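Notes for the one structure printed next.
Residue numbers (our numbering), protein chains in the order written: chain A, 1 to 400; chain B, 1001 to 1400; chain C, 2001 to 2400; chain D, 3001 to 3400.
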């Protein structure tokens, strides 16, 4: 084959399959519904999905209050959900199930969305730091004007769903980095904020700035797009969510086979281990749960690392152990991208999270499921440290 | 339903599907081959796969030299591969293709495996720092004895594939953290090193240590299992791989529509942006390529974040721009786990990477594909900063 | 001696000196002027001071614009200063001198103050994350009321110099961390903001919060007081200052004995080395210059590490190499604390920086001196890499 | 004055003093003993010194075991010391005193040196990553030969006190970073390892490497010289020291006016605050104590930030609260540099730490004093959160 065919018409698809000698199951699934999802479509990957529940949780309902776009809690309700997990890691589903059961017996999860912002970080390279500082000062004074200008554009490339909320500048040498912070509705919004940021950079900043930058760079790494960073960990990128529960002594003993003291000591040692190894996050295994939920529901798997940034904490309280996880930037969607495709759509529907107005709900369910796995995985570490557990398993022959 | 059925026999699977009201495509795929992959199996997720190529690369062949387990390069060969990408991000496959083409015109990729180690980080909590220090000193002197002991165990829980290579201790307060560093053959080896580390902790350390620790914790976060950390970024976790190419002026101009100077300036601004935002990695979008390769080939998607830690660099050299990416810990497998399952197995076979003796090859192909996307995504940023590009797109109506 | 005397009356001082058998020079200096500077005064330390110059710089004049407290540049002027350096590191003064000379021949330094804020980070521990979130939302809505309340207090413990500017909350588990951000005039202001924050915590938050926290902690590490952190590196703590210059080819060749290309390549390698080792800063040796300026002028030496956080950058521009350093949080004072004491006062006066209204000037001079040393130290690294330099020194016998 | 005089003969010193119009106390101190300490000597800075004690501690005695240079503990002994603190921060000495007293009543400090290594990080820039990898492999195999070569040099620039212990390489792009790890006796050794590393770079590597690097850079930021980094925090730079104590309930109540529970809760909140703000260290205010000890004893004040990197931990144990601090890289000396000068020498002598064979002792005393302040400062935070404390102070009028 002289040139690799790149279209997604049936002939091109078949040409690629033939050239590679592919047949059998990977080419047996109907690719037609995926034809616009990506280029050079050739086959399919299948990941088995478990469904785990019941997960008992108390969810918040949220709305953005205009014009500033602060997030407001408008209600809370208790619910029971079953979560789909696409993965091939033996034990993961069973462990998450066990965690969910311990929490259900302890009164359920409580979940909260704290913030909703996503950032595209452009950079304007000027002739000197002096010029970059001048640009930065101008931009800070221009924030309202920029927002107004953007609202009145009818450029077809502009997305009306992505609304500019704040502008932050950071000057280093001759670079004026600009963090455009957006809300993007029920989509993650990477593409829409890219288009809008690009329009802002070229149509507004490069045209009107008192200092003409030598170069505009659409993304220069300050925003955290698919790259964990401290900025991301602290300021978020997507939905900032907290899931919490108060584990009872009884549930921990009966379901998790350990004790509150053991869990607390593990949290202490694990927190110091995280510090000793230079983790920006502090948690045991949030990525396992998040990847499994993302793969089932059509989320962007390139965002597993960032969305799994987490800060867990445990504290003895009246009645048990308060455990919680803070996910500073869950990059989740219930519209657009992979969420509209077959399979993914069905799994979102199972959660009553398909379509508009569902993204805060979905983010909270993901956080609750993540905490369920955290709790159970921690308990396993605690149990494993005991001599009894070791002897029992050692004699029986093998852990698993 | 009073209790959620947890088995994977056909009746339990069907009971779950019915209870959830699931039918149609998600339950249509034969789940039987996946029955041992995870618990509470209920349906399937499908991700479309593109195949992109040709990718021209010069690969190293590697072997572990026993007994110490250093990695040795035993040969190098040029090859052409086509890579499967499972994702739903429009533009990703086309961009990776473009990057691969620019590299092919520049003479291809060169890839290298630098190291092969994976760590399970246990923690022994002692009564004081004094005791933890004593334990640490003892462990350092015991390294050879530990290795010998492990070799002679015939405990059925022990994995012979996971071989202990180094032992490192790190004392903080009364905690003696221990980094057990392993090689695990062609598997990622998370489970095997867990089992062996557990045996070491309970069967050796807790039995023989001159100071009896109060508690052994199997994993206390220093190892980097599914959690990005500086320790991970520097010392690796899996295969440490570098992919490199020397882009020619001509290829950059013709294929990428930008210039060497523009790419270099982008690398400079992006590096400083990464620093300014507290990224431990420095790269543009490695997670996109890695997630797509992982999803197609049955890798652990919970490891996308860690495996995407990266350090890219660009430098003008005679004949062009040297660009490279260092992936300190690619957690990839060609045997075990998801790699043995249908679909995944086929995509690995397409790469001639299925089964034993293939993991270094696979790691290098992943690195090359990742660099292909890095190059093209960077070029897009560079082009986008120009007024010509803006005007053309603006007039045409929309970027995409 | 049964109990260590702790007062600073002449008898107590003498009692300590005798008990320790101290005499000679350390007890010869008159301690009377230092009697209120610290407890258990017993003797003196002397550090030799060099004076290096001329340093040619263009400084900005700045004012806080009330009521919001943004920093505004009100003018710029060229000046020549000589800087006092208290230290015992051979070569440091000579190197800083060389850097200053190269810059003078290149047209001088340009310095800028970008921001002025200092943070005290309290923490309210609540009964649950739910309560901490409620507290956080209340605090965000209370910002104006808090400021007004503080203005009208006439509590004698309150400092009127420390003015509250912004309030930021950060919830993790049941903790509601609160970053109280202040301006503190020409003092560093650690004590004044401590007193005011304490009053706020106990007199306002603990009294009025809709959720009664279980505990108020005055400082719980988010603020960056004497501890480098990413938050500090990005958001500052004290004065955020940039110093910049454009080195000419001629000055670099004649004074620094290297070339623009060599300096740029060093900046590139040093930046990547910083990333590879997990530095939050990127610079060569800012702490050397800052410690020497601090020791001479009565600044808090415990703040050397934080005030030395730095982000340097270099870029080829028309006419030379643009080099700059960003110091996100210079914790400097021209009133209060050690600046009022003998010796320190004299060295501040030499810079025309003693007393009120001088702190922005002083911060800029420190930044310029720091950049002078950066440039010269970098040049030394560049020269040292050449074979000629090595041979010359090797034959002569010794580097220094 | 046409040119700034740079010599330290009496005429040049006087010429500078006159040109600057300096007289009075800053020029009254005899500068002659400082004439070789730095260039352009012009006057003096004086910092008042308190002496605080008794500090009760159990110290280890240590030796390097040749040829590999591991640190070995050869004995332990109890001692009482009084520490000199040069600073002007009201309250610091009193607080450190209070902490020391609480520890004395709890049985004293126990201190340990864990390691002794200091690193100079050179970088060889090659033509490609392929070449850098080749160089790296060669260097790893050359370690013994390099050490032998160095031992037999009689180059006058070589320091025999600085002995090469380990060699570590880290390849990023075409850069082969090399961490030369040394022991340097009782000096910090920055200069000696610089000279030896330079000789190695130019005389060995550049002469013999199978791949000729394009450039050798003596220091490219991986080593941590005066710059805090994660590498520094984990692997150390100087002496790695731990100080520990077990606070009793009684001592905490009587001396510190708080409780073990309050201290533990503070440690918990402070640890999470540190994580939330991206601190690489976890401690309250180590830099205050370290700067004061450094300024009194002639240490390098530019190393205050790095030497203050710390990892504190607290845990309830039988009989009280185990509290400890790990200082990964105390850069201290008892010979050379500022330690030989008047004043500094006297303060070192007070500690029985002047001269050869004293550096491990000195490092442990610094660590104990640092922990004394940590404990007292933490207790102050704990007390301050109580309503009683607030009311008492508020009514009396002012905290301090």
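No residue lacks a Cβ here, since even glycine has one placed at the ideal position from N, Cα and C. Computed from a prediction, not measured in an experiment: that's the story for all the values here.
Query, Result
"For a cutoff of 9 Å on Cβ pairs, would you count residue 2242/C as touching chain A?", "yes"
"Thinking C-alpha only, which one of 1342/B, 1322/B, 1347/B is nearest residue 3126/D?", "1322/B"
"Here's a check: name, in chain order, each residue in its chain whose Cβ is nearer than 6 Å to the Cβ of residue 3008/D, leaving out the five neighbours to either side.", "3035, 3041"
"Between which two residues does the beta strand (DSSP E) carrying residue 1177/B extend?", "1175-1183"
"In its own chain, which residues sit with a C-beta less than 6 Å from the C-beta of residue 3233/D, not counting the 5 before and 5 after it?", "3280, 3309, 3328"
"Could you list the residues in the stretch 3301-3327 of chain D with a C-beta less than 7 Å from some C-beta on chain B, going in chain order?", "3311, 3313, 3315, 3317, 3322, 3324, 3326"
"List the residues that DSSP assigns as beta-bridge partners of residue 3325/D.", "3243/D, 3312/D"
"Is residue 2400/C close to chain B? Criterion is C-beta to C-beta, closer than 9 Å.", "Note on residue 2400/C: pLDDT 34, under 50, position unreliable in the model; no value is reported."
"Among 2088/C, 2019/C, 2205/C, 2046/C, which one has its Cα closest to the Cα of residue 3025/D?", "2046/C"
"Any idea which residues DSSP pairs residue 2123/C with across the strands?", "2177/C, 2217/C"
"Report yes if the CB atom of residue 3201/D is closer than 9 Å to the CB atom of residue 3307/D, and no otherwise.", "no"
"Taking its Cβ as the centre, do 16 or more other Cβ atoms sit within 10 Å of residue 1098/B, making it buried, or is it exposed?", "buried"
"Name the residues in the stretch 276-292 of chain A whose C-beta lies less than 9 Å from a C-beta of chain D; which are they?", "276, 277, 278, 279, 280, 281, 282"
"Can you name the residues of chain A whose CB is closer than 7 Å to the CB of residue 2238/C?", "Within chain A, no residue comes near residue 2238/C; the closest Cβ sits about 17 Å away, beyond 7 Å."
"So the alpha helix (DSSP H) residue 2153/C belongs to, where does it begin and stop?", "Here residue 2153/C belongs to no alpha helix (DSSP H), and DSSP marks it neither H nor E."
"Going along chain A in order, which residues have a C-beta closer than 8 Å to the C-beta of residue 2124/C?", "Within chain A, no residue comes near residue 2124/C; the closest Cβ sits about 13 Å away, beyond 8 Å."
"Find out if the Cβ-Cβ distance for the pair residue 291/A, residue 1300/B is shorter than 9 Å.", "yes"
"Can you tell me which of the three DSSP states residue 3382/D falls into?", "helix"
"Applying a beta-carbon distance threshold of less than 8 Å, which residues of chain D neighbour residue 1178/B?", "Under the 8 Å cutoff, chain D gives no residues; its nearest Cβ is about 14 Å from residue 1178/B."
"For residue 3358/D, count neighbouring Cβ atoms within 10 angstroms of its own Cβ and tell me buried if that reaches 16, exposed if not.", "buried"
"For residue 3337/D, which beta-bridge partners are listed by DSSP?", "According to DSSP, which records beta bridges pairwise, residue 3337/D is partnered with nothing at all."
"Thinking C-alpha only, which one of 379/A, 23/A, 12/A is nearest residue 249/A?", "379/A"
"Quick one: does residue 1020/B have its CB under 9 Å from some CB of chain A?", "yes"
"Just to confirm, are residue 2382/C and residue 2247/C a CB contact at a threshold of 9 Å?", "no"
"Give me the DSSP bridge partner(s) of residue 1163/B.", "1183/B"
"Can you say whether residue 3302/D is buried or exposed, counting buried as having 16 or more other CB atoms within 10 angstroms of its CB?", "buried"
"Decide if residue 2058/C is buried, meaning its Cβ has at least 16 other Cβ atoms within 10 Å, or exposed.", "buried"
"Helix, strand or coil for residue 403/A, going by three-state DSSP, please let me know.", "Chain A is shown from 1 up to 400; residue 403/A falls before or after that span and cannot be answered."
"Residues of chain A with CB closer than 7 Å to the CB of residue 3272/D, please, in chain order.", "313"
"Considering just the uninterrupted stretch of the beta strand (DSSP E) at residue 3041/D, what are its terminal residues?", "3041-3065"
"Taking the alpha-carbon of residue 2179/C as reference, which of 2210/C, 2136/C, 2208/C has the nearest alpha-carbon?", "2136/C"
"Look up residue 2084/C in the DSSP assignment and say whether it is helix, strand or coil.", "strand"
"Could you tell me which of 2365/C, 2374/C, 2369/C, 2347/C sits nearest to residue 3021/D, measuring between CA atoms?", "2347/C"
"Would you grab the beta carbon distance between residue 3056/D and residue 3065/D for me? Rounded to a whole angstrom, and I think it's under 8 Å.", "Not a contact, Cβ separation roughly 29 Å."
"Roughly how many angstroms lie between the CA atoms of residue 2162/C and residue 2013/C, to the nearest whole one?", "34 Å"
"If I'm right that residue 1195/B touches residue 1158/B with Cβ under 8 Å, what's the distance once you round it to whole angstroms?", "7 Å"
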